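Here the protein sequences line up with chains A and B, keeping their order. Note that the first sequence covers residues 2 to 173 in this note's numbering. Note that the second sequence covers residues 1056 to 1497 in this note's numbering. Note that CB positions come from ideal geometry on N, CA and C, so glycine has one too. Since the structure is predicted, the reported quantities are computational estimates derived from the model, not experimental observations.
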Amino acid sequence: MDLFVAIVRRLSQICGVVSALVLAAAVLVVCQMVVMRYILNESTVWQTEFVTYSIVGATLIGSPYVLLRRGHVNVDLLPLYLPHGARMVLAYLASFVALAFCAALTYTGAELWYEAWAGGWTTDSIWRLPLWIAYAPIPLGVGLLCLQYVADILCLMTGREMPFGLQPGDQP
Amino acid sequence: MSPLEIGVVIGIVTIVVLASGIPIAFGLGAVAVGFLVIFDGWGSLDIIADTFFSGLAEFALVSIPMFVLMGAAVASSPAGKDLYEALDRWLHRVPGGLIISNIGACSIFAALSGSSPATCAAIGKMGIPEMRQRGYPDGLATGAIAAGGTLGILIPPSVTMIVYGISTETSIGRLFIAGLLPGLMLTVLFMAWALFAAWRGGYRFSLTDAGYTLRQKLQILPRVLPFLAIIAGVLYVLYGGIATPSEAAGVGALLCIVLVVVIYGLFLRSWPYRRIWEILGDSMRESVMILMIIGASALFSYTLSSLFVTQSIAEWIGGLDVNRWVLMAMINVFLLVCGFFLPPVAVILMTAPILLPIVTSAGFDPYWFAVVLTINMEIGLITPPVGLNLYVINGIAPEISLPTILKGALPFMLAMALGIVLLCIFPEIATWLPDAVMGPAI
């Protein structure tokens, strides 16, 4: 089990690096587009779509890493005031509800990806980007997000992690 | 159940689910999907991925990570410290100069980053210890930074304005201009209160401190002016309608990073290049968090409108036939309460599409309303239970108790409420500049 948790965490970290690199690439492409359009007065073909979809991709791929770092903002008022036991129950509930949503998103995302791939869907622009490329981050990123949730729940069960990262004595 | 009743149930369930401490993005998504399945059957699951994806695949949204990156380039590098020091050196001689320069630094940083917690953290890290050392009361020092930080979402560029613009299909450039004067007005109100409070608290401004020499004042300028030039450039490009917000933000972000690398890496050699990862990583985390909420909100508003909740609420309020100012007061209270519990981006995404038709049909300007809504959100950022800025300050200065920070922040909340009242009496504060620059709204 340690191995599973370690592998999932490592995958999430890799996702974080990939996401940051895609973000950096998007910045460069935006600038290249500005130079083309406003300085060289040429029309741009692929840049707008590339940047839009890479930001979507970076978001979805980056989400497991952000979960690992507890970076998804939440309302932790109630957990903060509850005693440790109740906090534990709440953490399970919250994790399972979130996992259910992520699983649904992964599943439908995979379906969407498959349809786009099998049907040869492309975007409407002249660039005609195959949509399966744009959709791929949904099953990939959110799928890993599910795995990260499973790992988090396992850690919660075995006492490796405290619910909401709060120690038993942490009351305001 | 009538759509209105469904709406009430969804509202209650959303509050309960989010209170569990679940990440807001996944909580919103789960509620949306749950209600779709209950009322429309399993077949409705098909649209989840597509709706989520389409909610994110907007070129205008690209500006969010870009502006976040622009702010992080300064906040996660020595540039933030220099910016702060420059203001201190130049405003040193002004009575109450330190607290004034802190609030001023917040508003300038707000013009760089578009995010309130980031503004708060960047200025607070330097400002709070400095103010305490020079004898300002704890509550005032922390309150001023907490409140000054909220300007991040009002003074352009502002992440919440981008989100408002996308979810209500209004012009982001125009929204930015609309926020400028109200932002400056709040800055002045904050400064006025800070001066008065410091004076009343027995703090006497002495001019006998060892001042800075002209040489010291000039020395720091080359490190700061380029960043200010970038802000000015980005705003000019935006307001002139020369480029879209995403393009301006992208170029601004790259220039800020290049500047940090050149000034601190190449020139001063005080900043190892590998720390560029910190900038990238910090902005990636912040943008992923915001964008996931945006994607989930797309699902949430899809559910609301496919169950006719959005339309019914608008109809119901339209049928109430109350005075438009009573309506505006009600909306303000509602937004304020939402802001107490949820971060601004989530509130705007969930409520703006419902509220905007109501507000415009009551004869209010959508850009003016964006400003009022944003100030409401700012108040929520420094009020418990979920005042993000309060916790940021608490993290920076753990030795100051939360109640002290709160008490210090309270007068600034009143200043913001005063700001809303002023905006209601003189709507021109928000509408004059956009009209003058971009021509009257249609």
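{"Query": "Could you check which residue in Leu1269(B), Thr1197(B), Asp1095(B), Tyr1267(B) has the C-alpha nearest to that of Leu1457(B)?", "Result": "Thr1197(B)"}
{"Query": "Cβ of Met1121(B) less than 8 Å from any chain A Cβ?", "Result": "yes"}
{"Query": "Between the alpha carbons of Ala1233(B) and Ala1491(B), how many angstroms are there, rounded?", "Result": "11 Å"}
{"Query": "Helix, strand or coil for Thr123(A) per DSSP?", "Result": "strand"}
{"Query": "Count the other CB atoms, across all protein chains shown, that sit within 10 Å of the CB of Val57(A); report buried if there are 16 or more and exposed otherwise.", "Result": "buried"}
{"Query": "Hey, would you say His73(A) sits closer than 8 Å to Met1405(B), going by beta carbons?", "Result": "no"}
{"Query": "When the Cα of Gln33(A) is compared with those of Arg1187(B), Ala1472(B), Ser1301(B), Val1129(B), which residue comes out closest?", "Result": "Ser1301(B)"}
{"Query": "What are the residues in the stretch 1274-1288 of chain B lying within 9 Å of chain A by C-beta distance?", "Result": "none"}
{"Query": "Please classify Leu1209(B): does DSSP put it in a helix, a strand, or coil?", "Result": "coil"}
{"Query": "When you check each C-beta in the stretch 1099-1110 of chain B against every C-beta of chain A, which residues fall closer than 9 Å?", "Result": "Leu1100, Asp1101, Ile1102, Ile1103, Ala1104, Asp1105, Phe1107, Phe1108"}
{"Query": "Taking DSSP's pairing of strands, which residues face Asn1157(B) in a bridge?", "Result": "According to DSSP, which records beta bridges pairwise, Asn1157(B) is partnered with nothing at all."}
{"Query": "To the nearest whole angstrom, what separates the beta carbons of Ile1475(B) and Ile1413(B), a pair I think is in contact under 8 Å?", "Result": "That belief does not hold up - the Cβ atoms of Ile1475(B) and Ile1413(B) are roughly 18 Å apart, past 8 Å."}
{"Query": "Would the beta-carbon of Pro1408(B) fall within 8 Å of that of Thr1365(B)?", "Result": "yes"}
{"Query": "Report, in whole angstroms, the separation of the C-beta atoms of Leu1230(B) and Leu1209(B), which I expect to be a contact under 8 Å.", "Result": "Wrong, their Cβ atoms sit about 11 Å apart, outside the cutoff."}
{"Query": "For a cutoff of 8 Å on Cβ pairs, would you count Asp171(A) as touching chain B?", "Result": "no"}
{"Query": "Buried or exposed for Ala1127(B), going by 16 or more other Cβ atoms inside 10 Å?", "Result": "buried"}
{"Query": "Can you give me the C-alpha to C-alpha distance between Gly170(A) and Met163(A), rounded to a whole angstrom?", "Result": "11 Å"}
{"Query": "Which ranges does the alpha helix (DSSP H) cover as unbroken runs of at least 4 residues, wholly within the stretch 1427-1485 of chain B, from first to last along the chain?", "Result": "1443-1451, 1457-1480"}
{"Query": "Among Leu1153(B), Gly1135(B), Ala1134(B), Lys1136(B), which residue has its Cα nearest to the Cα of Asp1143(B)?", "Result": "Leu1153(B)"}
{"Query": "Let me check understanding here. Comparing Cα to Cα, which of Met1121(B), Phe1282(B), Thr1106(B) lies closest to Ile1349(B)?", "Result": "Thr1106(B)"}
{"Query": "Is there a C-beta anywhere in chain B that falls below 8 Å from the one on Met34(A)?", "Result": "yes"}
{"Query": "Flag this pair as yes or no: are the beta carbons of Met1186(B) and Gly63(A) separated by less than 8 Å?", "Result": "no"}
{"Query": "Among Pro138(A), Asn75(A), Ala111(A), whose alpha-carbon lies nearest the alpha-carbon of Val19(A)?", "Result": "Pro138(A)"}
{"Query": "Can you round the beta-carbon distance between Phe102(A) and Val1092(B) to whole angstroms, since I take them to be within the 8 Å contact cut?", "Result": "At roughly 11 Å, the Cβ-Cβ gap does not stay under 8 Å, so Phe102(A) and Val1092(B) are not in contact."}
{"Query": "Mind checking the stretch 1332-1344 of chain B against chain A and listing, in chain order, the residues whose C-beta falls within less than 9 Å of any C-beta there?", "Result": "Trp1332, Leu1335, Gly1336, Ser1338, Met1339, Arg1340, Glu1341, Ser1342, Val1343, Met1344"}
{"Query": "Alpha carbon to alpha carbon, how far is Leu1397(B) from Pro1440(B)?", "Result": "9 Å"}
{"Query": "Does any C-beta atom of chain B lie closer than 8 Å to the C-beta of Leu49(A)?", "Result": "Sequence inspection shows Thr at residue 49(A); the Leu mentioned does not correspond to that position. It does; some Cβ of chain B falls within 8 Å."}
{"Query": "Give, in chain order, every residue of the stretch 1394-1422 of chain B whose Cβ lies closer than 8 Å to some Cβ of chain C.", "Result": "The structure shown contains no chain C; its protein chains are A and B."}
{"Query": "Apart from the five residues just before and just after Gly1135(B), which ones in its own chain have a Cβ nearer than 6 Å to its Cβ?", "Result": "Val1129, Ala1177"}
{"Query": "Under DSSP, the alpha helix (DSSP H) around Gly1307(B) begins and ends at which residues?", "Result": "1300-1315"}
{"Query": "Anyone know if the C-beta pair for Ile1103(B) and Ala105(A) falls short of 8 Å?", "Result": "yes"}
{"Query": "Can you list, in chain order, the residues of its chain with a C-beta nearer than 6 Å to that of Leu1262(B)? Leave out the 5 residues immediately preceding and following it.", "Result": "Caution is warranted here: a pLDDT of 49 is assigned to Leu1262(B), below 50, making its placement in the model unreliable, and no coordinate value can be reported."}
{"Query": "Given a cut-off of 8 Å, decide if Ser1361(B) and Pro1058(B) are closer than it, judged by their beta-carbon atoms.", "Result": "no"}
{"Query": "Going by the CB atoms, is the gap between Phe1355(B) and Leu1073(B) shorter than 8 Å?", "Result": "no"}
{"Query": "Measure the alpha-carbon distance for Pro1421(B) versus Ser1118(B) and round it to whole angstroms.", "Result": "21 Å"}
{"Query": "Do the stretch 1108-1125 of chain B and the stretch 22-30 of chain A make contact, defined as three or more Cβ pairs closer than 8 Å?", "Result": "yes"}
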